[in-house]
Amino acid sequence: MALPLSNVQVSREKLVCAICLEVFKNPATIPCGHNFCLECIHRFWDQQFSVGAYSCPQCRENFIPRPTLHRNIIVCDIVEDFLKSVTKAGISQPLAGPGDITCDFCSGSKLRAARSCLVCLASYCEEHLTPHRESPAFQDHPLTEPVRDIKERKCKMHRKHLELFCRNDKTFICCVCMTSEHRKHEVVTLEEEVQSRKKELYLMDLEMEKQLQGTLLEIGTLQENIDSITRTAQRVELEITNKFSAMTEAIDEALKVVIGLIGREQQAALNQGISIRTQLEQKCTEIREKKLQLEILANKSDNLKFVQESLCFSSSSLVSEVPKLKSDLHFKLARASEAATDLSVQVKECLRQAMKRKLKSAETRGNEKAARSSDVSPHTSLLPQEPKIRKEFLQFLSPLDGTAAPPSNVSQVCSSRRHCRCHEADF
Numbered sequence: 255m256a257l258p259l260s261n262v263q264v265s266r267e268k269l270v271c272a273i274c275l276e277v278f279k280n281p282a283t284i285p286c287g288h289n290f291c292l293e294c295i296h297r298f299w300d301q302q303f304s305v306g307a308y309s310c311p312q313c314r315e316n317f318i319p320r321p322t323l324h325r326n327i328i329v330c331d332i333v334e335d336f337l338k339s340v341t342k343a344g345i346s347q348p349l350a351g352p353g354d355i356t357c358d359f360c361s362g363s364k365l366r367a368a369r370s371c372l373v374c375l376a377s378y379c380e381e382h383l384t385p386h387r388e389s390p391a392f393q394d395h396p397l398t399e400p401v402r403d404i405k406e407r408k409c410k411m412h413r414k415h416l417e418l419f420c421r422n423d424k425t426f427i428c429c430v431c432m433t434s435e436h437r438k439h440e441v442v443t444l445e446e447e448v449q450s451r452k453k454e455l456y457l458m459d460l461e462m463e464k465q466l467q468g469t470l471l472e473i474g475t476l477q478e479n480i481d482s483i484t485r486t487a488q489r490v491e492l493e494i495t496n497k498f499s500a501m502t503e504a505i506d507e508a509l510k511v512v513i514g515l516i517g518r519e520q521q522a523a524l525n526q527g528i529s530i531r532t533q534l535e536q537k538c539t540e541i542r543e544k545k546l547q548l549e550i551l552a553n554k555s556d557n558l559k560f561v562q563e564s565l566c567f568s569s570s571s572l573v574s575e576v577p578k579l580k581s582d583l584h585f586k587l588a589r590a591s592e593a594a595t596d597l598s599v600q601v602k603e604c605l606r607q608a609m610k611r612k613l614k615s616a617e618t619r620g621n622e623k624a625a626r627s628s629d630v631s632p633h634t635s636l637l638p639q640e641p642k643i644r645k646e647f648l649q650f651l652s653p654l655d656g657t658a659a660p661p662s663n664v665s666q667v668c669s670s671r672r673h674c675r676c677h678e679a680d681f
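Counting from 255, one number per residue, gives the positions in the sequence shown under this note's numbering.
Quick look at the structure:
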């Protein structure tokens, strides 16, 4: 029983390739059921060659290995019927504009080319492309996007297709060229050259990926070293600041003790002077009293009384002697100032020499360990040892007690690393 005829209309959107967004040309169905232009899906999968997995551009389903595809005859017939219906409906084909590739078979107004044939080396609009779509004679003619220089793909000498490649001269040749000037050269087909170059590109891509990962690893290591340098510099800076602050505090404390000693020496000398002055003033008062008694005695008219009182007066007229001010404070202060100056110069020189030695030693050790680690040991100290301030000031300020002179050797100024605490008892 024959089925009744029906006019089924198919919209253009259902016959559009999702890759080129044009009506199917030689449509093929992939395993997931979606349809694409045979050339479009082959080109899409060629780009995935380096990955080794082939996917559907629409549903992203993966296929391993690469499926073998053929033209879907039913979909091809549907596309042909659609194009015929469009032609019968009088839908005009687009005219070629500036910069467009024109159809080689249009007479009069040139239409825009829809495809180019790599065998015919010509470009066709949709109307003149019908034989390539319908006739079995053109079944093996691969169609591609319109190519502007399609006619240049013929050998200028032999007018044959440039379907071979000479690896010696790095040029495209025809079959006649291979039998003449390229007879002894390494000649392969374009397909073989494409596969060879794709393999080279794949290996090159693997090598570049390896280099990329290595470079990223180097960047990560470098960033870690940079961060380590920053942390180490901050830690050492804090350590140095604390060490110098400790030395400064020790010096300030020693300065207070020394200033206190000078003040007490000064006060003792002043107290001695005040005491002597009081005694001298008392002596002046006594002398004035004795002088008044002498004047009264000299005015007496009774000779007996005069002689008698003068004898008593002469035996008690002497005034007690007042001790002299004996103070070497000026000498002591001068020696203390000189001692402080000498100590300051020697401490600064010792500090400079110690810093120079330490930094040079640290630089040498850093160069030896640079290959193993860029970090600095948390126990590393670039500072010189703290000076023995109490001992040195005790030696230098000994003139205050009237003992030995300032020492001539202060090589041990920086021999102590402990935090100094100065007390008066130390002096």
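Here a beta-carbon is modelled for each residue, glycine too, at the ideal position from N, C-alpha and C. Just so it is clear, the structure is predicted and the values come from calculations on it, not from any experiment.
Please classify residue i as buried or exposed, where buried requires at least 16 other C-beta atoms within 10 Å of its C-beta.
i: alanine 658; result: Interpretation of alanine 658 is limited by its pLDDT of 41, a score under 50 that renders its predicted location unreliable; the figure taken from the coordinates is listed afterwards. By the neighbour-count rule (16 or more Cβ atoms within 10 Å), alanine 658 is not buried but exposed.
i: phenylalanine 650; result: Because phenylalanine 650 carries a pLDDT of 47, less than 50, the predicted location of this residue cannot be relied on, and the following value inherits that uncertainty. It is buried - the Cβ of phenylalanine 650 has at least 16 other Cβ atoms within 10 Å.
i: leucine 637; result: The predicted position of leucine 637 is uncertain, since its pLDDT is 41 and thus under 50; a value taken from the coordinates is nonetheless stated next. Buried, since its Cβ has 16 or more Cβ neighbours within 10 Å.
i: phenylalanine 498; result: exposed
i: glutamate 380; result: buried
i: glutamate 315; result: exposed
i: valine 561; result: exposed
i: leucine 534; result: exposed
i: alanine 588; result: exposed
i: histidine 436; result: buried
i: valine 512; result: buried
i: asparagine 326; result: buried
i: asparagine 289; result: buried
i: glutamate 640; result: Note that glutamate 640 has pLDDT 45, beneath the 50 cutoff, so the model's placement of it is unreliable and no number is given.
i: alanine 307; result: exposed
i: leucine 470; result: exposed
i: leucine 548; result: exposed
i: glutamine 600; result: buried
i: leucine 476; result: exposed
i: glycine 656; result: With a pLDDT of 48 at glycine 656, under the threshold of 50, the predicted position of this residue should be treated as unreliable, though the coordinate-derived value follows. With fewer than 16 other Cβ atoms within 10 Å, it is exposed.
i: leucine 416; result: buried
i: cysteine 684; result: Residue 684 lies beyond the residue range present for the chain, which begins at 255 and ends at 681; the question has no answer from this structure.
i: lysine 268; result: exposed
i: lysine 464; result: exposed
For residue i and residue j, which I take to be in contact (beta-carbon distance under 8 Å), what is that distance rounded to the nearest angstrom?
i: tyrosine 456; j: phenylalanine 317; result: Going by Cβ atoms, the distance from tyrosine 456 to phenylalanine 317 rounds to 18 Å, so no, they are not a contact pair.
i: cysteine 274; j: proline 281; result: 11 Å between Cβ atoms; not a contact.
i: serine 564; j: leucine 546; result: Not quite, the Cβ-Cβ distance comes to about 15 Å (not below 8 Å), so this is no contact.
i: phenylalanine 278; j: valine 329; result: 6 Å
i: leucine 418; j: isoleucine 427; result: 5 Å
i: cysteine 294; j: cysteine 313; result: Their Cβ separation, rounded to whole angstroms, is 16 Å, which puts cysteine 294 and cysteine 313 out of contact at 8 Å.
i: lysine 361; j: serine 370; result: Here residue 361 is serine; the residue named in the question, lysine, does not match the sequence. Rounded, the Cβ-Cβ distance is 19 Å, inconsistent with contact.
i: isoleucine 530; j: leucine 579; result: 5 Å
i: methionine 432; j: valine 441; result: 5 Å
i: histidine 439; j: aspartate 459; result: Contact doesn't hold; Cβ gap of about 29 Å is too wide.
i: isoleucine 332; j: valine 264; result: 6 Å
i: serine 581; j: glutamine 521; result: Wrong, their Cβ atoms sit about 12 Å apart, outside the cutoff.
With distances taken Cα to Cα, identify the nearest neighbour of residue i among the options.
i: alanine 368; options: His382, Val430, Thr486; result: His382
i: histidine 305; options: Ile295, Pro319, Gln312, Gln600; result: Reading off the sequence, residue 305 comes out as valine, not histidine. Nearest of Ile295, Pro319, Gln312, Gln600 to valine 305, Cα basis: Pro319.
i: isoleucine 284; options: Ala272, Glu276, Val277; result: Ala272
i: phenylalanine 336; options: Lys364, Ser370, Arg387; result: Arg387
i: lysine 509; options: Lys268, Ile404, Leu597, Ser434; result: Here the sequence assigns leucine to residue 509, which means lysine is not the residue at that position. That would be Leu597, whose Cα lies nearest to the Cα of leucine 509.
i: valine 401; options: Glu463, Gln521, Gln526, Asp354; result: Asp354
i: alanine 391; options: Val512, Ile528, Thr469, Cys374; result: Cys374
i: alanine 590; options: Glu519, Asp459, Leu534; result: Glu519
i: arginine 421; options: Gln465, Glu267, Asp506, Val448; result: Val448
i: arginine 413; options: Cys429, Glu454, His296; result: Cys429
i: proline 352; options: Phe359, Ser339, Arg366; result: Arg366
i: serine 434; options: Met411, Glu454, Leu444, Lys452; result: Met411
i: histidine 700; options: Cys566, Thr539, Ala523, Pro311; result: The structure shown does not extend to residue 700, since the chain is modelled only from 255 through 681, so no value can be given for it.
i: lysine 537; options: Cys409, Gln521, Pro577, Glu406; result: Pro577
i: leucine 323; options: His296, Lys338, Pro311; result: His296
i: arginine 266; options: Lys338, Cys310, Thr425, Thr502; result: Lys338
i: methionine 609; options: Gln465, Thr486, Ile494, Cys310; result: Ile494
i: leucine 397; options: Cys409, Pro385, His415, Leu372; result: Leu372
DSSP puts residue i in a beta bridge; with which residues?
i: valine 441; result: Cys420
i: lysine 408; result: His415
i: threonine 398; result: Ser370
i: asparagine 289; result: Thr283
i: phenylalanine 426; result: Phe419
i: arginine 325; result: Ala282
i: valine 264; result: In the DSSP output, where bridge partners are listed per residue, valine 264 has none listed.
i: tyrosine 308; result: Phe317
i: tyrosine 378; result: Arg369
i: threonine 433; result: Answer is none; threonine 433 lacks a bridge partner.
Secondary structure, alpha helix (DSSP H): runs of 4+ residues fully inside the segment 496-572: 557-570
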